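Protein chains in written order, with my numbering: chain A, 1 to 181; chain B, 1001 to 1181.
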DNA sequence: TGAAGATATATCGGAGCGATATATACTGCA
DNA sequence: TGCAGTATATATCGCTCCGATATATCTTCA
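What follows is the structure, given as structure tokens:
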């Protein structure tokens, strides 16, 4: 079975209980978005494909007169999800405009280069706080893994913020030798 | 001036000396790729646009009979680059299949969930080593910023590897209470 | 009653990325 | 000398992804 990672996000999101495309999107935006996003343009077509492949099953679940389809994982879908979880992860990407700017910061005066690090730090501090506010919700669930991942995110952002602070200090400190570890 | 970040990668890469599209691509693959990639399909069209906008200047620089164009930054290009560097960074993305798998690892037995963390750790250790091998080259340049960024990458991967190790231990350690900070 | 916001599905355009096509030039070695 | 393999150089295609938006119905509450 050849599925893209987005398909597995969906399988994972419906693996505990059936959900609509809209609910999946909202859940993704609230949880995995920080390391794996998904848009409507991916979710709805993918739900159709997964349904045709027999990995999920669409169930009519209207709310009032507005029609609504929730998708439940099938036994085939479950084993597909588990097979994927057992493979070593293969996709790792990062896009960080801050690091890019820092990389080219040699064309700026030192003080302006330090400003890049200040912006980066501020952003990471804010992110860590935002994630911290999500902890109670994750703590309330019985599945411990979302909480582990969330705490990893918090720790990562705190590490990053700290690194920015240290690099800023190093940059502004009265230059002795040019560089030393 | 409305430019995408890739355009600024190019401006940055030609800001010290003129380079061909091929050289820019090779440089990106050797340096910024870990936090900002660029493909031929972006670079060559973008060089044309930047040239038309007067931010870079194409110069014929054939090697033997094979034609070749190197691009030099113009004064307009320089101030455009600096303006961009002075804006706070706005793009931050991460795609980490490992964290995604960990997020859903609750459907697996504990030992198999720990295996995800082992794969992730192994990958990060390898990455840190790869980056470490690039240090001498970065140290040889007089611009300190690529070195700072490189060392940040090393430290990040080491932090990540360490986190994976700690989480694996926590996962396998004789479960007392379900969770505690 | 009616405006605002939430739920629900669908689709479009643009950007990014990997892969590949096409040529020429250099390098090593049989 | 021949030639195979690799490096240089430019160009392009198809796919995925993402943000934005369109459309419609439902709920809330002033």
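Cβ coordinates follow ideal geometry from the N, Cα and C atoms, glycine included.
Only a predicted model underlies this, so the values are computations on that prediction, with no experimental measurement involved.
Within chain B, partners of residue i - CB distance below 9 angstroms
i, result
"residue 81 (chain A)", "1104 and 1107"
Residue i to residue j span [Cα, whole Å]
i, j, result
"residue 113 (chain A)", "residue 159 (chain A)", "20 angstroms"
"residue 104 (chain A)", "residue 1016 (chain B)", "10 angstroms"
"residue 1022 (chain B)", "residue 1040 (chain B)", "8 angstroms"
"residue 75 (chain A)", "residue 1101 (chain B)", "19 angstroms"
"residue 1004 (chain B)", "residue 1038 (chain B)", "12 angstroms"
"residue 181 (chain A)", "residue 126 (chain A)", "Its pLDDT being 47, under 50, residue 181 (chain A) is placed unreliably by the model, and the measurement read from it follows with that caveat. Near 29 angstroms, if we compare the C-alpha coordinates of residue 126 (chain A) and residue 181 (chain A)."
"residue 53 (chain A)", "residue 1042 (chain B)", "35 angstroms"
"residue 73 (chain A)", "residue 25 (chain A)", "16 angstroms"
"residue 45 (chain A)", "residue 51 (chain A)", "10 angstroms"
"residue 143 (chain A)", "residue 1155 (chain B)", "31 angstroms"
"residue 153 (chain A)", "residue 128 (chain A)", "7 angstroms"
"residue 48 (chain A)", "residue 1060 (chain B)", "52 angstroms"
"residue 1094 (chain B)", "residue 36 (chain A)", "7 angstroms"
"residue 120 (chain A)", "residue 77 (chain A)", "41 angstroms"
"residue 1010 (chain B)", "residue 116 (chain A)", "19 angstroms"
"residue 80 (chain A)", "residue 1173 (chain B)", "29 angstroms"
"residue 1123 (chain B)", "residue 65 (chain A)", "51 angstroms"
Partner residues on chain A for residue i, Cβ-Cβ distance less than 8 angstroms
i, result
"residue 1015 (chain B)", "104 and 107"
"residue 1143 (chain B)", "106"
"residue 1169 (chain B)", "Correct list: empty, because the minimum Cβ distance to chain A is about 12 angstroms."
"residue 1009 (chain B)", "100"
"residue 1112 (chain B)", "85 and 86"
Coil, strand or helix - residue i by DSSP
i, result
"residue 1039 (chain B)", "coil"
"residue 16 (chain A)", "coil"
"residue 181 (chain A)", "Bear in mind that the predicted position of residue 181 (chain A) carries a pLDDT of just 47, short of 50, making it too unreliable to give a figure here."
"residue 144 (chain A)", "coil"
"residue 131 (chain A)", "helix"
"residue 1045 (chain B)", "helix"
"residue 32 (chain A)", "helix"
"residue 1203 (chain B)", "Beyond the ends of chain B as shown, which are 1001 and 1181, falls residue 1203 (chain B); an answer cannot be given."
"residue 1136 (chain B)", "helix"
"residue 1104 (chain B)", "coil"
"residue 5 (chain A)", "helix"
"residue 1155 (chain B)", "helix"
"residue 78 (chain A)", "helix"
"residue 1173 (chain B)", "coil"
Proximity to residue i [Cα-Cα], best of the options
i, options, result
"residue 118 (chain A)", "B:1085, B:1052 and B:1155", "B:1085"
"residue 92 (chain A)", "A:124, A:70, A:34 and A:81", "A:34"
"residue 96 (chain A)", "B:1097, B:1096 and B:1090", "B:1090"
"residue 14 (chain A)", "A:2, A:45 and A:55", "A:55"
"residue 229 (chain A)", "A:124, A:147, A:123 and A:44", "What the structure shows of chain A is the stretch from 1 to 181, and residue 229 (chain A) is not part of that stretch, so it cannot be assessed."
"residue 87 (chain A)", "B:1027, B:1167 and B:1108", "B:1108"
"residue 106 (chain A)", "B:1012, B:1170 and B:1157", "B:1012"
"residue 1136 (chain B)", "B:1150, B:1166 and B:1124", "B:1150"
"residue 1030 (chain B)", "B:1077, B:1062, B:1130 and B:1082", "B:1130"
"residue 1018 (chain B)", "B:1161, B:1083, B:1173 and B:1070", "B:1070"
"residue 110 (chain A)", "A:81, A:2 and A:167", "A:167"
"residue 62 (chain A)", "A:139, A:124 and A:20", "A:20"
"residue 1164 (chain B)", "B:1145, B:1139 and B:1098", "B:1098"
Per DSSP, the bridge partner or partners of residue i
i, result
"residue 1094 (chain B)", "A:94"
"residue 1057 (chain B)", "B:1072"
"residue 1063 (chain B)", "B:1066"
Proximal chain A residues relative to residue i, where beta-carbon distance stays under 7 angstroms
i, result
"residue 1088 (chain B)", "119"
"residue 1149 (chain B)", "99, 102 and 103"
"residue 1146 (chain B)", "103"
Contact set between residue i and chain B, taken where Cβ atoms lie within less than 7 angstroms
i, result
"residue 32 (chain A)", "1100 and 1103"
"residue 3 (chain A)", "Within chain B, no residue comes near residue 3 (chain A); the closest Cβ sits about 13 angstroms away, beyond 7 angstroms."
"residue 158 (chain A)", "Here the premise fails: no neighbours, minimum Cβ distance about 10 angstroms."
Partners in chain B for residue i, counting only beta-carbon separations shorter than 8 angstroms
i, result
"residue 173 (chain A)", "Within chain B, no residue comes near residue 173 (chain A); the closest Cβ sits about 13 angstroms away, beyond 8 angstroms."
9 angstroms Cβ cut-off: residues of chain A touching residue i
i, result
"residue 1091 (chain B)", "95, 96, 97, 98 and 100"
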